[in-house]
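Novice: For the sequence shown, full-length UniProt numbering gives the first residue as 1, with consecutive numbering after it.
Sharing a structure, written as structure tokens. Questions coming.
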Amino acid sequence: QWLSDRKKRALQKKDVDIRRRIELIQDFEMPTVSTKIKVSRDGQYIMAVGTYKPRVRCFDTYQLSQKFERCLDSEVVTFEILSDDYSKIVFLQCGRFVEFHSQHGHYYKTRIPKFGRDFSYHYPSCDLYFVGASSEVYRLNLEQGRFLNSLQTEASESNVCDINPVHFLFAMGTAEGKVECWDPRTRNRVGLLDCALSSVTADTEIEGLPSISALKFDGALNMAVGTSTGQVLLYDLRSSNPLIVKDHHYGLPIKSIQFQHQLDLIISADSRIIKMWNKDTGKIFTSMEPEHDINDVCLYPNSGMLMTANEAPKMNIYYIPVLGPAPKWCSFLDNLTEELEENPESTVYDDYKFVTRKDLENLGLAHLIGSSLLRAYMHGFFMDIRLYHKAKMMANPFAYEEYRREKIRQKIEETRAQRVQLKKLPKVNKELALKLIEEEGEEQQFSKKRKHKNLPSLLKDDRFKVMFENPDFQVDEQSEEFRLLNPLVSKISEKRKRKLKILEELEAQGQEEEEEPEGKASDVESSGSSDDEKGWVEEVRKQRKLLRQEEKLKRQERLKEDQQTLLKPQFFEIKEGEEFRSFKDSAKKQKLMKKTLEDRLKLEEKLGTLNVSDTTVGSKQATFKLKKSEQQRKQQEAEKRHRQERKTLRRSASHLKSRCGRGRLFH
1 QWLSDRKKRA LQKKDVDIRR RIELIQDFEM PTVSTKIKVS RDGQYIMAVG TYKPRVRCFD
61 TYQLSQKFER CLDSEVVTFE ILSDDYSKIV FLQCGRFVEF HSQHGHYYKT RIPKFGRDFS
121 YHYPSCDLYF VGASSEVYRL NLEQGRFLNS LQTEASESNV CDINPVHFLF AMGTAEGKVE
181 CWDPRTRNRV GLLDCALSSV TADTEIEGLP SISALKFDGA LNMAVGTSTG QVLLYDLRSS
241 NPLIVKDHHY GLPIKSIQFQ HQLDLIISAD SRIIKMWNKD TGKIFTSMEP EHDINDVCLY
301 PNSGMLMTAN EAPKMNIYYI PVLGPAPKWC SFLDNLTEEL EENPESTVYD DYKFVTRKDL
361 ENLGLAHLIG SSLLRAYMHG FFMDIRLYHK AKMMANPFAY EEYRREKIRQ KIEETRAQRV
421 QLKKLPKVNK ELALKLIEEE GEEQQFSKKR KHKNLPSLLK DDRFKVMFEN PDFQVDEQSE
481 EFRLLNPLVS KISEKRKRKL KILEELEAQG QEEEEEPEGK ASDVESSGSS DDEKGWVEEV
541 RKQRKLLRQE EKLKRQERLK EDQQTLLKPQ FFEIKEGEEF RSFKDSAKKQ KLMKKTLEDR
601 LKLEEKLGTL NVSDTTVGSK QATFKLKKSE QQRKQQEAEK RHRQERKTLR RSASHLKSRC
661 GRGRLFH
């Protein structure tokens, strides 16, 4: 979508996938958003409503193009095609208006007392049933051209409604999570279903009271109900308990429910995903997750075509051949899908390379995230293939040479494989291969005697071929994990060999029954199981002790190396006019210089060398003390000590003088 038109035309010449794309209906889109989409009963016309400005568009499938477009006064909540073609349409608008259109255009406009949310048309009586933000269901008779007495319900508000096409039972879904069923002939309620309670299962998390957001009848007895918390309930009208409860696990309201009769599927959709599942078992058939949010889903009758109205200008068309044949106006889709199945071709982006965030970090291009050079897609980004090649050449200049050498080596190995093969051990994991060969020989001998089928060899299996070719898969026998597991592996192999010997001895004795020797073998094996376990525990303890001793030796060697290393003295030159204090002062000074001015001012304010105050004008006044040098500080301390000494001398002299005067007086 972010490619230019010229780039798209250039890609159409060489990209097989783009050449195979088909635009079934020309300009099948809305200016901004499409909200509802429906197909006429004769299958010739597809009608969609959307914004902005509010409008309705009619597409003729026989001409594969748009037939007409009409703008409306307000946004459409929902609409219904009353005739077989586009000649009679009813629109329920958000401003409480009900607008009727005929073949030529606008015909009549009326208003209902409360805001409407959905409506249904009762064909036998020509009545329109409107539900919305009211407890009443308004009835408008199109034959008489007037409103009839409304149906009084127990619900505070109603969200959706539907009429059964067989026996014309009217059902409405309420905001309290209930479904009320009414008989239009007697205008009485004949049933009440509490779907909110039935929708709660063991896996669901209750956040609030689920309301009814979708409702659809299937035949005379089945009814599907969608809730605002993302559950779909399938009911038999003869029972108050649901036959099956299907959870979308997204917690979003169900927008649409459709029935697919050829495969017995239910197509339910919320704003994020479309799910197709079996109505008998609940098993998922498939699911689709479009790029944009879904507003409505329409299934073309008796076909495998699906259309969606989205939160985007483009309205999507999906064709799934398993669901049914293509419609007659696009029957060529069946031939195209058959050709695609016969000739599958892999599509490759020639001009763009998909890279993950880790790939960008390895290439040193992580700083480009968010720029126009990278296009975010799924769990990574699309970048220009030329930029990718340049960055890879700079990151690893010899990557191509390594790739070329690896390819040549693989070609040589392939040619060698065509020669006469000799039984020799592989270069990687020779001991493991030898062990597997021995085990395979023993099992083959035993299977010949027992007439068992030979199991496939691990060495000849392509899935494990790399384990004996790639040096990265070499078993490190000096590692801690291997040394701790090796006693267990050896004991298991010894146990297996002992069992094989016992079975061979029993076979040699010529016993006819197979159950007895197997039982005896297990008895013999169980008798020595305790000794095996003791030996294995001792072996593991020994290995752990060796590992601890090796770690202790390594630590001692490191300590010796540290003691033997002599630290050479380092000399530093002091600038003229500066006194050397210590290395700590210089480190503190460097840390202080790295701090911001605000942090330094706060630090000086704590130390008392700076004082910040507000003036009467509204500005800031800062008074600070200059830092004294070391020499000045020492001089001040000496003067202070001298003053204190003189002070103490004066005090002692005055004390002696007073004592001498007092003694002369008494004398």
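Glycine residues also receive a C-beta, built at the ideal position from the N, C-alpha and C atoms.
(1) Which residues in the same chain have their Cβ closer than 8 Å to the Cβ of HIS122, if we skip the five residues on either side of it in sequence?
(2) What residues in its chain sit with their C-beta under 7 Å from that of LEU432, if we drop five residues either side in the sequence?
(3) Considering only the beta carbon of each residue, do SER271 and ALA214 sit closer than 9 Å?
(4) Exposed or buried, ILE412, counting other C-beta atoms within 10 Å across all chains shown (16 or more means buried)?
(5) Measuring alpha carbon to alpha carbon, tell me which of GLN590, ALA10, SER34 ends up nearest HIS292.
(6) For MET315, write down the residues that DSSP places opposite it in a beta bridge.
(7) Does the distance from the CB of ILE244 to the CB of SER228 come in under 9 Å?
(8) What residues in its chain sit with their C-beta under 8 Å from that of GLU561, if we drop five residues either side in the sequence?
(9) When you compare the segment 53 to 61 with the segment 70 to 82, are there three or more beta-carbon pairs, one atom per stretch, that lie closer than 8 Å?
(10) If I measure Cβ to Cβ from GLU289 and keep anything under 8 Å in the same chain, skipping five residues before and after, which residues do I get?
(11) Three-state secondary structure (DSSP) at GLN478?
(12) State the DSSP-derived secondary structure class of ARG272, mapped to helix, strand or coil.
(13) Need the endpoints of the beta strand (DSSP E) that SER120 sits in, please.
(14) Taking buried to mean at least 16 other C-beta atoms within 10 Å of its own C-beta, is LEU197 buried or exposed?
(15) What are the complete alpha helix (DSSP H) segments, minimum 4 residues, inside the segment 171 to 247?
(16) Distance, Cα to Cα, VAL612 vs GLN635?
(17) Please determine if the segment 325 to 339 and the segment 353 to 368 are in contact, where contact requires at least 3 C-beta pairs separated by less than 8 Å.
(18) Which same chain residues end up closer than 6 Å to GLY226 when comparing Cβ atoms and leaving out the 5 residues on each side of it in sequence?
(19) I'd like the span of the beta strand (DSSP E) that includes HIS106, first residue to last.
(20) Among GLU639, GLU605, GLN631, which one has its Cα closest to the Cα of THR623?
(21) Would ILE294 pass as a contact of THR308 if the rule is Cβ separation under 9 Å?
(22) Could you tell me the distance, in whole angstroms, from the CA atom of PRO327 to the CA atom of PHE285?
(23) Pick from PRO165, ASP194, TYR52, THR186: whose alpha carbon is nearest that of LYS178?
(24) Would you check if the distance between the CB atom of VAL160 and the CB atom of VAL131 is smaller than 9 Å?
(25) Kindly give me the distance between the Cβ atoms of LEU299 and GLN262, rounded to whole angstroms, as I take these residues to be in contact under 8 Å.
(26) Run through DSSP, which three-state label would GLY441 get?
(27) Thinking just about the alpha-carbon of each residue, which of LYS595, LYS279, THR153 is nearest to the one in residue 669?
(28) Who are the Cβ neighbours of THR32 in its own chain at under 8 Å, not counting the five residues just before and after it?
(29) Tell me, to the nearest whole angstrom, how far the beta carbon of ARG96 is from that of PHE115; I am working on the premise that it is less than 8 Å.
(30) Could you check the C-alpha separation between GLN93 and GLY173 for me, to the nearest Å?
(31) With a CB to CB cut of under 6 Å and the five nearest residues on each side skipped, what residues in its chain are close to residue 669?
(32) Could you check what DSSP says for PHE468 in three-state terms: helix, strand or coil?
(33) Could you have a look at GLN63 and say whether DSSP puts it in helix, strand or coil?
(34) Check whether the Cβ atoms of GLU438 and LEU459 sit closer than 9 Å, and answer yes or no.
(35) Name the DSSP beta bridge partners of VAL33, please?
Specialist: According to the structure data:
(1) LEU128, TYR129, ILE163, PHE168, PHE170, PRO184
(2) VAL475
(3) no
(4) exposed
(5) SER34
(6) The partner list for MET315 (beta bridge, DSSP) is empty, contrary to what the question assumes.
(7) no
(8) none
(9) yes
(10) ARG272, ILE273, ILE274
(11) coil
(12) coil
(13) 116 to 122
(14) exposed
(15) 195 to 198
(16) 30 Å
(17) no
(18) SER213, ALA214, VAL232, ILE254, ILE257
(19) 106 to 111
(20) GLU605
(21) yes
(22) 22 Å
(23) ASP194
(24) yes
(25) That belief does not hold up - the Cβ atoms of LEU299 and GLN262 are roughly 11 Å apart, past 8 Å.
(26) helix
(27) Lying before the first or after the last residue shown, residue 669 is absent from the chain, which here runs from 1 to 667.
(28) GLY50, THR51, TYR52, PRO313
(29) 6 Å
(30) 20 Å
(31) Residue 669 is absent from the model: the chain starts at 1 and stops at 667.
(32) helix
(33) coil
(34) no
(35) THR51
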